[in-house]
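Take a look at the structure below.
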Amino acid sequence: MVEALKKNPQWKGRKGPVVLVIMDGVGFAKYKEGDAVSDAKMLMFEKLSASCPCTKLRASGTAVGLASDDDMGNSEVGHNAMGCGRIIEQGAALVQQAIDSGKLFEGQAWRELVEGVQKSGGALHFIGLFSDGNVHSRIDHLKAMISKAKDEGVKKVRIHVLWDGRDVEPTSALNYLDPFELFLKELSRGGFDVRIASGGGRMWITMDRYGADWDMVRRGWETHVHGKARQFGSAREAVETYRKEIPGIIDQDLKEFAVCENGKSIGAIEDGDSVVFFNFRGDRALEITSAFQDDKFDKFDRGRRPTVRYAGMMEYDSDLHIPARYLVSPPQIDRTVGEYLAKSGVRTLAISETQKYGHVTYFFNGNKLGKFDEKLETYIEVPSDVVPFEQRPWMKCAEIADYVIAAVQGGKYDFIRLNFPNGDMVGHTGNYQAVVCGLEGMDLQIERIVKAVGESGGVMLLTADHGNAEDMFEHDKKSGAVQKDADGSIMRKTSHTTNLVPCILYDPAFQGEYSQKSLKEGLGITSIAATCIELLGYTPPSDYQPSVLRSK
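Counting in our numbering, the sequence shown runs from 103 upward without gaps.
Printed below as a string of structure tokens:
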């Protein structure tokens, strides 16, 4: 339970609101080649950078609660960090600790899964993102669970892979598949039957979020559960075939497949089986979880719904307790900015389009659905286009800006937070021209918001949750040279980065409460929380990371 924030007697106040603008996936590049942020004509961003107090913030690694500084930032932990104001250990680290300590395998959920298939003679299935991107999942976690299942006497395991190519190199599927198949071969002794049974690209099947495209989940359900997909003799054959048939396709878009023998799927999910969805991140796990466990489900016709024991790697929603069974307890995030502001009577608007709506609400609020105070908070979701993002790289920037500008002018809100998804969602496509277009479209809308904030006498804080669009080419880690494919074409990069991100303060009605010469350096995006609280005229909680504002 939080108490209302204390007013800062030194803060003179502003007529207009504090507006937090999050440019998703926009960082500062290490390399000139592939820097779409610099190549884009972001004239307003450049103007603000040159004329306003600014700094660079850490948005990856241990600064946002990830296991090591080699771990790239992502939108989930980025919004968690900005919303809670502290460094909280995140899902990847918690799962690894649970595996290393053995607690995962000692827990009731794991015991129920294993004992269930031992009793029924069925299979233990694992579904999840198949890479070491460490954003949604990690392949080492999958290996550890398969090995433990064998040790505990499970006889049959089936794996349903979701190709990545988004948090890792765009065409790296076989780099993960081949060593994994060798790992399975070594385990396949003593009567242990373990095989890859089905799969497809993460942006084609299973991993939809926020209800943007339930057809993705339907395709995943039919593929994993019913084995209803194009038939292949192996996962490798599926990848190679789709790459030949669809030139230029990247892993995240690979079509669904089912490994079959004699015309029958080797891994359809049956009554009495156990299923683990081994992603630890919640946003793209909730819909497939709903398909497995909800009795009243109306998003698509599930056909035969097998009676299984289902578990998520983590609890994906701590308020609604989804899923009912999970292997690792999620990070406990309390006393967020949103909760403090609601307790203090601050009127708040949170807005983005569908793709990032949950980030400015659910993740910003510490992985909690719903509001802290219905009377004080307004959440707006602008429906995203259901098309590949490179086809509409401007996304819903204008619509978001329209609503924000009206809200600023209307004077109803004290604090407005919004997310422009372009740098991240278009960045993940690897389409350089589209990314530049998306960033320029976003910048035009930021210019409109800046004008409205200035006219209202408000304040705008411009930042990002992680890097992405500033590094669109693969570079050699030692030399920094751009890497190329065998045909001489540049290797596209679709993943996030560990780069620093901007933090710019636009405060045209400045009244002398802080030093306007510069902002503090060496901080992380966790400092956004305390900064917003200070700009609203309150004193941040004592254990929050420090504000970027310097004393006079």
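All C-beta atoms in this analysis are idealised placements derived from N, C-alpha and C, irrespective of residue type, glycine included.
The C-beta distance from residue 129 to residue 570 rounds to 7 Å, short enough to fall under 8 Å. About 6 Å separates the Cβ atoms of residue 632 and residue 187, confirming a contact at the 8 Å cut-off. Per DSSP, the unbroken alpha helix (DSSP H) holding residue 285 starts and ends at 275-289.
For residue 296, the uninterrupted beta strand (DSSP E) segment begins and ends at 295-303. Distance from the CA of residue 405 to the CA of residue 311, rounded to the nearest whole angstrom, comes to 22 Å.
Annotation for residue 615: 112, 113, 114 place their beta carbon closer than 7 Å to its own, counting only its chain and skipping 5 residues before and after. Around residue 392, the same chain offers no residue with a beta carbon nearer than 6 Å, after the five sequence neighbours per side are excluded. Beta-bridge annotation (DSSP): residue 498 is not paired with any residue.
Residue 380 is not bridged by DSSP to any residue. The C-alpha of residue 488 lies about 17 Å from the C-alpha of residue 500. The alpha-carbon of residue 146 is positioned some 47 Å away from that of residue 413.
Distances from the alpha-carbon of residue 256 to those of 227, 518, 471, 106 put 227 closest. In the DSSP annotation of this structure, the continuous segment of the alpha helix (DSSP H) that includes residue 221 starts and ends at 210-222.
With contact defined as three or more Cβ pairs closer than 8 Å, the region 576-593 and the region 173-180 are not in contact. For residue 356, the secondary structure class from DSSP, reduced to helix, strand or coil, is coil.
Taken atom to atom, the span from the alpha-carbon of residue 448 to that of residue 621 is near 25 Å. At a Cβ-Cβ threshold of 7 Å, residue 322 and residue 307 count as neighbours.
When secondary structure is reduced to three states using DSSP, residue 539 falls in the helix class. Going by C-alpha positions, residue 459 is about 30 Å away from residue 611.
C-alpha of residue 584 to C-alpha of residue 450: approximately 44 Å in a straight line. For the options 555, 477, 483, the alpha carbon positioned closest to that of residue 511 is the one of 555. For residue 452, the uninterrupted beta strand (DSSP E) run begins and ends at 450-455, by DSSP. Just measuring C-alpha positions, the residue of 204, 231, 423 sitting nearest residue 246 is 204. Residue environment: residue 193 is assigned as buried (16 or more neighbouring CB atoms within 10 Å of its CB, all protein chains considered). Residue 208 and residue 431 have their C-alpha atoms spaced approximately 13 Å apart. Rounded to the nearest angstrom, the Cβ distance from residue 484 to residue 455 is 4 Å, consistent with a contact under 8 Å. By the CB criterion at 7 Å, residue 339 and residue 330 fall outside the cutoff.
Judged by DSSP secondary structure, residue 123 falls within the beta strand (DSSP E) whose first and last residues are 120-125. Closest in C-alpha terms to residue 526, from the list 496, 332, 480, comes 496. Distances from the alpha-carbon of residue 104 to those of 642, 287, 131, 354 put 642 closest. The alpha-carbon of residue 442 is positioned some 28 Å away from that of residue 237. For residue 428, the closest of 211, 176, 140, 162 by C-alpha to C-alpha distance is 211.
For residue 174, there is no enclosing alpha helix (DSSP H), as DSSP gives it neither H nor E.
Bounds of the beta strand (DSSP E) holding residue 258 are 258-265.
Per DSSP, residue 524 is one residue of the alpha helix (DSSP H) stretching across 524-527. Exposed is the label assigned to residue 349, since fewer than 16 other Cβ atoms lie within 10 Å of its Cβ.
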